[in-house]
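*Asks:* Structure below; questions to follow.
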Amino acid sequence: MKVGDIDVARIGLGTNRLAKTRENIAFIKSAVAAGVQMIDTAHSYTGGQSEETIGEALSPFPEGCIVATKGGGGGGAGRGRPEVLRAELEESLRRLKTDSIALYYLHRVDPETPLEESLAAIKDYQDRRMVRHIGISQVDIEQIERARRVVPIAAVQNHYNLSERKYEGVVDYCAAEGIVFVPFFPLRGSAGAALGEIAGRHRTTTQQITLAWLLRRSPAILPIPGTLSLDHMSENLAALNIELTDAEFESLR
């Protein structure tokens with residue numbers, strides 16, 4: 001699938017628990033070598049260590065690998081002010097050891113700052129080619145449409161999985177509009193006994209079936225399951241090869 005103008009595989013890697021250790025630097029290098037093309041982080045993850053680890057492991061970033069990060073989240077009201085976003089974006093560039101971020105999200109809409117003002121600050125970096133594509137997180141359709149009047153939106157990242165289905169309409173909207181939908185916490189959902197039965201038939205894990213269901217749910221979906229294990233990450237990528245029957249998909253839906 002394409003994120004903006006960049007082709008990527010449809011399962012990425014979340015890094016919200018990534019601390020800066022020698023082992024984790026090696027893990028990020030191995031993840032990219034194994035085929036991960038979308039690595040998702042944020043200014044707030046592990047106090048900045050997630051971004052620092054990715055920068056140490058990958059800078060300069062390999063061709064075809066998107067490192068997505070976020071600013072303006074995790075701290076409550078006021079975090080979306082333009083001056084806060086500019087400071088966080090500059091720090092993310094330094095931590096990631098790059099002069100351009102492939103995908104930069106507004107992490108949360110600030111209740112005290114119009115999202116138009118927040119996005120205008122990020123657009124300034126896009127205009128200077130320091131941000132390539134822009135995304136927005138934990139938003140409804142009305143907010144996405146407001147955002148798109150300020151800047152093209154390449155990706156939407158919302159909480160979505162087998163159990164958390166609040167954003168069904170956003171998933172379908174993104175598919176219709178050519179926007180990538182990135183579900184966070186994609187593996188936390190459950191579908192009861194049916195999930196285990198389907199996994200047994202396919203001789204796979206329930207987590208792999210959950211990812212296969214998400215991939216089948218919409219062509220716009222790009223899950224980013226988080227892990228610090230190369231084995232688990234390889235299992236996640238293998239879900240790309242699982243095809244659910246119509247009956248299996250509907251039984252989980």
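Read in order, the letters of the sequence shown correspond to residues 1 to 253 in the working numbering.
Glycine residues also receive a C-beta, built at the ideal position from the N, C-alpha and C atoms.
(1) What do you reckon, are the CB atoms on Tyr173 and Ile144 nearer than 8 Å?
(2) Comparing alpha-carbon positions, which option in Ile209, Phe249, Pro219 lies nearest Leu237?
(3) Could you check where the alpha helix (DSSP H) with Pro82 kicks off and where it finishes?
(4) Below 8 Å, how does it come out for the segment 210-223 and the segment 174-184: are there three or more Cβ pairs, yes or no?
(5) Drop a sphere of 10 angstroms on the beta-carbon of Glu88, count the other beta-carbons inside from all chains shown, and report buried for 16 or more, exposed for fewer.
(6) Can you name the start and end residues of the beta strand (DSSP E) that Lys70 belongs to?
(7) From the DSSP output, in three-state form, read off Asn24 for me.
(8) Between Ala68 and the rest of its own chain, which residues show a CB-CB distance below 6 Å, the 5 nearest in sequence each way excluded?
(9) Would you please state the rounded distance, in angstroms, between the beta carbons of Gly73 and Ser44? I believe it to be under 8 Å.
(10) Cα separation between Glu250 and Ala212?
(11) Considering only C-alpha positions, which residue in the set Arg149, Ala191, Ala9, Glu56 is nearest to Ala120?
(12) So, under 8 Å CB-CB, Ile66 and Leu106 are touching, yes? Tell me the CB distance rounded to an integer number of Å.
(13) Does the beta carbon of Lys70 come closer than 8 Å to any beta carbon on chain C?
(14) Going by Cα to Cα distance, which pick from Ser30, Ser100, Arg22, Lys20 is closest to Asp231?
(15) Rounded to the nearest angstrom, what separates Ala77 and Asp246 at their Cα positions?
*Replies:* Walking through what the data contain:
(1) Residue 173 sits at position 173 when you count from the first residue of the sequence shown. Residue 144 sits at position 144 when you count from the first residue of the sequence shown. A contact, by the Cβ cut-off of 8 Å.
(2) Working through the sequence shown from its first residue, we reach residue 237 at position 237. The residue with the shortest Cα to Cα distance from Leu237 is Ile209.
(3) In the sequence shown, counting from the first residue as 1, residue 82 sits at position 82. In this chain, the alpha helix (DSSP H) harbouring Pro82 covers 82-96.
(4) yes
(5) Position 88 of the sequence shown, counted from the first residue, corresponds to residue 88. Glu88 comes out buried.
(6) As a first step, residue 70 must be located in the sequence shown, where it is residue number 70. From DSSP, the beta strand (DSSP E) with Lys70 extends over 66-71.
(7) Taking the sequence shown and counting its residues from 1, the one referred to as residue 24 is at position 24. In the structure shown, Asn24 sits in a helix (DSSP, three-state: H, G or I).
(8) Working through the sequence shown from its first residue, we reach residue 68 at position 68. The residues are Asp40, Leu103.
(9) Here the question's residue 73 lines up with position 73 in the sequence shown. Here the question's residue 44 lines up with position 44 in the sequence shown. Gly73 to Ser44, Cβ: 6 Å. Contact.
(10) Translated into the one-based positions of the sequence shown, residue 250 becomes position 250. Translated into the one-based positions of the sequence shown, residue 212 becomes position 212. For Glu250 and Ala212, the distance between alpha carbons rounds to 13 Å.
(11) In the sequence shown, residue 120 corresponds to position 120, counting from 1. Nearest of Arg149, Ala191, Ala9, Glu56 to Ala120, Cα basis: Arg149.
(12) Position 66 of the sequence shown, counted from the start, is the residue given in the question as residue 66. Position 106 of the sequence shown, counted from the start, is the residue given in the question as residue 106. About 17 Å separates the two Cβ atoms, so there is no contact after all.
(13) The structure shown contains no chain C; it holds only a single protein chain.
(14) One-based indexing of the sequence shown puts residue 231 at position 231. It is Ser30 whose Cα lies nearest to the Cα of Asp231.
(15) In the sequence shown, the residue the question calls residue 77 occupies position 77. In the sequence shown, the residue the question calls residue 246 occupies position 246. Going from the Cα of Ala77 to the Cα of Asp246 covers about 44 Å.
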